[in-house]
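The sequence shown begins at 12 in the working numbering and counts up by one.
Some notes on the structure that comes next.
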Amino acid sequence: MMDAHIETLQADLTAVVGANYVSDRAALDGLDPGFHPDNLAAGLAVHPATTDEVARVVGICARHRAAIVPQGGRTGLSGGAASGPANVILDLRRMNAIERLDPLAGTVVVQAGATLQAVEEAANAHGLSVGIDLGARGTATIGGMISTNAGGMEAFRNGSMRNRVLGLEAVLASGAVLGDMTEVPKCNEGYDLKQLFCGAEGTLGIVTRAVLRLTPAVESAITLLIGCANAADALRIVGACKGARALDLLHSEIMWRNYATKVADEIGLSGALGFCDAPAYLLLELGARDDAPDEAVHALFNDPVIAGVVIDAVVAKNERERRDIWRIREESFIVDNVVPHCSWFDISVPLGRIDEVIQGVEARMTALDAEIGIWVMGHLGDGNLHYTIGSGQPVCGVRKGEIADAVYSGLKEMGGSFSAEHGIGTEKRASLAKHSNPEKLRLMREIKRIFDPQGIMNPGKVL
Ligand SMILES: Cc1cc2nc3c(=O)[nH]c(=O)nc-3n(C[C@H](O)[C@H](O)[C@H](O)COP(=O)(O)OP(=O)(O)OC[C@H]3O[C@@H](n4cnc5c(N)ncnc54)[C@H](O)[C@@H]3O)c2cc1C
């Protein structure tokens, strides 16, 4: 620890939360670190149960000048929760209460360590939904999702996490509590400081509680897998769904052939793609507004625009078929198991430029290394593409940079982003420095200094 002896710090933390809720190095060994190998590399972890305990823990760490790494479900994909031996992990998962749900207002007050799935189930009991969904739903926490400004599969219609947050409570680096638990959508009271915590990845303070807005839940959906030639055609289908009077567009995910066939083969579901061989697959989920969903889907496919671009399509006939289709989309980490040492990219592309980006990245990557494999899928509705790229061989830092340049080339100029929804963490700090406006970076550093003058809040992340 910076200036402090670890035993004194451990004793001070134990006095706040009790011995059972401070983990030393030995206790952290052998636990599952989650999605970054260094998540549990810290010297100590503390597991508080209340905002007051978090505030006292932060105050103690500030006195000891010990850097704090907040953690929720450890499902983050950019290294934001990675820690080092001199760090204290502040684990929020004991703070998992769903304090109050107001069905009339469509709001829920939750503690930061509640998982998305737990909050979703509580909302579903009232015919409501959090309005945001992602594959790590059972483990990812609301605090982690706010801190990464998570997006996921419903962001194209409900916005990212920052659009779900009405109110927020955070413990600042001084140990003071910033309480802004507003429950109303309209609240113009000067600078909206709570929004700074959305996407801050723990670098400005610890999110302890939040008020989320809920949306009506959809009770049943029609799931379709459609083969098509490219993203432009997939977007034509999506456009027709949006315009269909009797249907609601719930999900629009896209997978390119390489990705879909690789995952399907590995999980034994190649049969699910057997209905057609296509350059791209569009996974659609539609809600029917009246009692005749089959007629509504038939009418959609009789639309000449759709008929002209659909190579072939299947409709899931039962829950098992629906789940199989979703497994191909969601079990993306299978690619990493089969092809080690891959690099991941999470980019945002203006909808009309997706095919151009797909072709450009492929051409640049082939020029770099003909052996390299590219697997792409994403959230089509908002142009968020997830790339897995690699040849199975370890890559050195220089080659990693060349691969990143090949993926990011031209993105900024066309109005896209090198970082869509997973955050910056440790993995994309160099890219942030390279691709961000210098004035924006200067202001971000100033803000960081105001909130965290000692630099104890998740140092080495984002900036
Ligand atoms: C299978 C899978 C699918 C995924 N799909 C998506 C997807 O579709 N969309 C998407 O956006 N992401 C996705 N992710 C990434 C991940 O689930 C999200 O980034 C999620 O928001 C992380 O939540 P967490 O609780 O696991 O946070 P952690 O991984 O524990 O932490 C993430 C960051 O937030 C900080 N943090 C955590 N809790 C707090 C807190 N209370 N206060 C302050 N800082 C905090 C950490 O320090 C770290 O910087 C996926 C991950 C997996 C494994």
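A virtual CB, placed ideally from N, CA and C, is assigned to each residue, including glycine.
CB contact flag (residue i, residue j, <9 angstroms)
| i | j | result |
| --- | --- | --- |
| Leu422 | Ile358 | yes |
| Leu179 | Arg224 | no |
| Gly123 | Ile109 | What sits at residue 123 in the sequence shown is Ala, not Gly. For Ala123 and Ile109, no; Cβs fall outside 9 angstroms. |
| Ala66 | Asn98 | no |
| Gly384 | Ser402 | yes |
| Glu332 | Val325 | yes |
| Thr152 | His75 | no |
| Gly210 | Gly371 | no |
| Ile100 | Ala56 | yes |
| Gln82 | Arg104 | yes |
| Glu438 | Gly162 | no |
| Gly146 | Ala232 | no |
| Val44 | Asn50 | The sequence as given places Pro at residue 44; Val does not occur at that position. Yes, the pair counts as a contact, with Cβ atoms nearer than the cut-off. |
| Leu215 | Phe46 | no |
| Gly138 | Glu230 | yes |
| Tyr398 | Trp337 | no |
| Thr150 | Gly84 | yes |
| Val120 | Arg175 | no |
| Val68 | Leu24 | yes |
| Gly154 | Val218 | yes |
| Val349 | Glu277 | yes |
| Thr272 | Leu258 | no |
| Leu391 | Val274 | no |
| Arg256 | Arg300 | yes |
| Asn160 | Thr226 | no |
| Asp323 | Ala251 | no |
Residue(s) in a DSSP beta bridge with residue i
| i | result |
| --- | --- |
| Lys182 | Before going further, note that residue 182 is Val rather than Lys in the sequence given. Val188 and Ile217. |
| Pro351 | In the DSSP output, where bridge partners are listed per residue, Pro351 has none listed. |
| Ile383 | Answer by DSSP bridge pairing: none, since Ile383 is not bridged. |
| Val346 | Partner(s): none; Val346 has no beta bridge. |
| Leu55 | Asp35 and Val99 |
| Thr226 | Ser140 |
| Thr126 | Thr152 |
| Thr3 | Residue numbering for the chain in the displayed model covers 12 to 474; residue 3 lies beyond these limits and cannot be assessed. |
| Met468 | Ile79 |
| Val326 | Leu235 |
| Ser359 | Asn395 and Ser428 |
| Val176 | Leu223 |
| Met388 | Met266 and His397 |
Closer than 8 angstroms: residue i CB and nearest ligand 1 heavy atom
| i | result |
| --- | --- |
| Gln82 | yes |
| Glu432 | yes |
| Asn469 | yes |
| Trp218 | Sequence check: residue 218 is Val here, not Trp. Yes - ligand 1 has a heavy atom lying nearer than 8 angstroms to the Cβ of Val218. |
| Ser359 | no |
| Met192 | no |
| Leu103 | yes |
| Leu145 | yes |
| Ile157 | yes |
| His390 | yes |
| Thr118 | no |
| Gly466 | no |
| Gly436 | yes |
| Phe344 | yes |
| Thr61 | no |
| Leu474 | no |
| Leu88 | yes |
| Phe286 | no |
| Met164 | yes |
| Thr226 | no |
| Phe208 | yes |
| Glu230 | no |
| Glu341 | yes |
| Phe167 | no |
| Thr11 | Limits of the chain in this structure are 12 at one end and 474 at the other, which puts residue 11 out of reach. |
| Gly186 | no |
Cutoff 9 angstroms: residue i Cβ touching any chain B Cβ
| i | result |
| --- | --- |
| Asn174 | Structure shown: chain B not included; a single protein chain is present. |
Length-filtered (3 minimum) beta strand (DSSP E) runs lying within the region 234-304: You should have 258-267 and 291-299.
How do the region 260-276 and the region 299-311 stand: do at least 3 beta-carbon pairs fall below 8 angstroms, yes or no? Result no; under three Cβ-Cβ pairs closer than 8 angstroms.
On the three-pair Cβ rule with 8 angstroms, is the region 276-290 touching the region 237-253? Enough Cβ pairs lie closer than 8 angstroms, so yes.
Flag this pair as touching only if the region 30-39 and the region 164-184 have three or more C-beta atom pairs under 8 angstroms; answer yes or no. Not touching, per the Cβ criterion.
List in chain order: all unbroken alpha helix (DSSP H) runs of 4+ residues lying wholly within the region 390-444. Restricted to the region 390-444, the alpha helix (DSSP H) segments that are unbroken, complete and at least 4 residues in length are 408-419, listed in chain order.
Quick test of the definition: if touching needs 3 or more C-beta pairs under 8 angstroms, does the region 79-92 touch the region 112-121? In short, these stretches do not touch, since the Cβ pair count stays below three.
The region 372-390 / the region 400-420 touching (three or more Cβ pairs under 8 angstroms): With the cut-off at 8 angstroms, the region 372-390 and the region 400-420 touch.
Looking at C-beta atoms only, is the number of pairs between the region 196-206 and the region 437-448 that lie closer than 8 angstroms three or more? With a cut-off of 8 angstroms, the region 437-448 and the region 196-206 do not count as touching, because too few Cβ pairs lie within range.
Do the region 357-375 and the region 425-440 touch if we need at least three Cβ pairs shorter than 8 angstroms? These segments touch.
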